[in-house]
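First comes the structure, then the notes that go with it.
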Amino acid sequence: MQSVDEDLNDEKDYFSDHLDKEDEADISPLAIQTPGGTSLKKVAESKDRKEHRKGKNKPRGNVSFFFTVVYASNAASERLQLWQDLIAIGNNISGPWCVSGDFNNVLFSNEIVGCEAIHPREVVDFVSCVASAGIFDLKFTGFFYTWSNGSEGSRRKMSKIDRCMVNVAWTSLFPNSVTEFFHPDVSDHSPIMLLWHDTVRKKIPFRFNNAWSIHPEFKDLLLNVWNQQYAGDPVGVITAKLKLLKLKLKGWARIHFSDFHERVKTARKELHDIQEKLHNSPFDPQLAILEKQARKTYVDFAQMEELDLKQRTDCQWLSYGDKCNAYFFNVIKEKKGRNNIWSLKDRNGIISRDEKLIVDAFVEFYKGLIGQTGDLQSALGIKNILSQFERATGMTISNPKTSLLCGGMSNDEAQLLSDQLGFSLATPPIRYLGLPLLSSRLSIADCLPLVERVTNRITNWKARSGLLCFNEEARLLLQVPEDATVNLLIENGKWNNVIDEMPDCPLKQEILNIEINNLLEKDRVIWMPSSNGNFTSKSAYEALRKKKDKVNWHRLVWGKMVQPRQSFTCWQLFTGSLPTQDRLRRRRIISESECIFCKASRENSIHLFFDCPFSKKIWASVKHEIGLRHE
């Protein structure tokens, strides 16, 4: 690469350069507009279609950043040098860095449409480059697919080969930056715009920090608040205590957790200083005591910091023993940029970037969604949706069971709406399944009618001394005293005529099928699947599982000397359920099924273990080691 010194210091500079001077006919010119207060200097350019520039942002204290523009080749082999250069730049840059342009490659399989499924080897170099360079996609809006071949119908192809990627330092300097991909117009690519938004400090709602719970003073603060005496109902008392606790925690957290991450760094530095002194004076008892105290202070601070960062990143898959604070910081910075909404398209197709206009658009949308108009057409539209649901699912709307509750309209308007929809008018309170539909919380008085109806049903059943049959429609079968026992239905070792008088139903047949035991002995519980009648977990498992004939290799796989993991793998192999490339492709998990070792045949169980040249070499080596003749 050749060094170039070209300053662009005007408040709104434009420059258009061909990235590859030897092949200008194949490359579209690059146009960059810098925001006010930002200057760019060309650092270097090369013939691998890449340009690297260094910039300064005056509004942020004249902080330097780097901007690299790429235009990758269509040939995969020619892109390798570009990937290596980007990795080298990323490893040599410690400040903010942005890489943007046409990479002529995708990162994920969902970034192509109309093309053949990509093989992992087609993107592995690009993925490795992105990971090694420490860059990732900046939050973007607009078109997802940034390139198309312009064809029609099934011949049309689209992909996301244009990107704007940044490193973690960039998100720290410009947390509110975002990329927008515009309409391609007459081009086959979507233009890229990198936007900076001003940081607006907003009032943050109260949120309990998990790190507070392990602070030594937290428990005393909690007990002090919770022991306060309040009069009123239990819910009101708890609400009052929670409000007081929230107020106390705010002031307490400002004292003990303000600028907390700097406190962690200070505690660590103090520990290091004492450890250096202790290293030079290893037998000083006072330094040993100070080192122990400093270590405990730092460990406590580090644990609280870790809890705080894990909560803010919502990361649950790492165990609490992992010290990944740098990772958590990076995730927090990335989430801050992704969680903001910097542009919004309203129902008229107008894109708003002003914060007040975005808020107004949200409010207007939800006002219309809730149904502010309340006209007849809106009601007919709702009924049309219900009719479509009925045709799609077969679930018919019952007009007699459907009522219309109107508010804020005259009786004539309500009657007109009822006639058009075919639903009867209802007056509050409306009951559903015995309970009133209320906007407020149900009280005991609201539930009392339903409770009384259920109680009366149960009382009536007990009073009638009936036997219920639930196999069909619930009905009373016969009169039986509440304290009756089974022996009252048995006479001379057989079921008596009480059973015969029952109407025909499945319950009657089930009773008659029960064989009466004439032995005069005390009843006992017998577990039928077990030979001795006793219940065991093994017998329950054997009774529930599906049994098949034993195979001749079962002792080889499930032997006592074989590890369970090896047994399971062998069982998968013998039953043809091993997750090979061939099976994964049939399940549409991957797109290719070739063997990962020889890359010449389709990978199935037989090929993987026996037919693959790589496997044959392993078997030959094993035979040689154990002294078997290799044929």
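Counted from 1, the sequence shown has number 1271 at position 245 by my numbering; the numbering is strictly sequential.
The beta carbon of each residue, even a glycine, is placed where N, CA and C say it ideally should be.
Rounded to whole angstroms, the gap between the alpha carbons of S1556 and C1596 is 31 Å. Contact annotation: L1112 and V1095 have beta-carbon atoms that are not nearer than 8 Å.
The Cβ atoms of V1251 and K1276 lie no closer than 8 Å to each other.
Taking the Cα positions, L1461 is about 9 Å away from L1474.
If you look at D1111, you'll find it in the alpha helix (DSSP H) that goes 1102 to 1118. Under the DSSP definition of a beta bridge, W1173 partners with S1185, H1215. Assignment of S1413 by DSSP, reduced to helix, strand and coil, places it in the helix class.
A direct Cα-Cα distance of roughly 26 Å separates T1422 from L1464. Within the DSSP bridge table, the entry for M1191 names V1125, D1163 as partners. The beta carbon of F1623 is closer than 6 Å to those of C1638, F1640 in its chain, skipping five residues each way along the sequence. The distance from the Cβ of M1191 to that of L1164 is about 7 Å, consistent with a contact at the 8 Å cut-off. Setting aside the 5 residues that flank it on each side, W1109 is surrounded in the same chain by D1151, F1152, S1154, C1155, each with a C-beta closer than 8 Å to its C-beta; the list follows chain order. Counting along the chain, the unbroken beta strand (DSSP E) around F1093 starts and ends at 1089 to 1097. Distance between E1381 and F1388, taken at the CA atoms: about 11 Å. Per DSSP, K1245 has no beta-bridge partner at all. Taking C-beta atoms under 8 Å as the contact rule, F1283 and S1216 fail to qualify, at a distance of about 45 Å. When Cβ pairs closer than 8 Å are counted between the two stretches, the region 1627 to 1638 is seen to touch the region 1596 to 1609, the count reaching three or more.
DSSP, reduced to helix, strand and coil, places W1238 within a helical segment of the structure shown. Distance from L1247 to W1278 at the Cβ level is roughly 6 Å; contact confirmed, criterion being Cβ atoms closer than 8 Å. Residue pairing by DSSP places V1139 opposite M1184 in a beta bridge.
By the Cβ rule, the region 1182 to 1201 counts as touching the region 1116 to 1135, because three or more pairs are nearer than 8 Å.
When only Cα atoms are considered, I1525 and N1543 end up about 17 Å apart. Take the alpha-carbon of T1428 and the one of F1415: they are about 16 Å apart. The three-state secondary structure of I1516, taken from DSSP, is strand. Residue environment analysis places F1093 among the buried positions, since at least 16 neighbouring C-beta atoms fall within 10 angstroms of its C-beta. From the listed residues R1591, R1613, V1139, A1405, the smallest Cα separation to E1439 is found for A1405. In this structure, the beta-carbon distance from F1091 to L1199 falls below 8 Å. With fewer than 16 other beta carbons inside 10 angstroms of its own, I1552 counts as exposed.
Looking at the DSSP output, F1207 shares a beta bridge with G1168, I1218. Annotation for Y1567: the continuous alpha helix (DSSP H) segment containing it runs 1563 to 1570. Take G1176, set aside five residues on each side of it, and the residues of its chain with a beta-carbon closer than 7 Å to its own are D1214, in chain order. In chain order, S1429, L1431 place their CB closer than 6 Å to the CB of A1452, counting only its own chain and leaving out the 5 sequence neighbours on each side. Burial of S1203 is indicated by the presence of at least 16 other C-beta atoms within 10 angstroms of its C-beta. For the 8 Å CB-CB criterion, A1293 and Y1324 form a contact.
Pairing F1391 with N1374, the inter-Cα distance amounts to about 11 Å.
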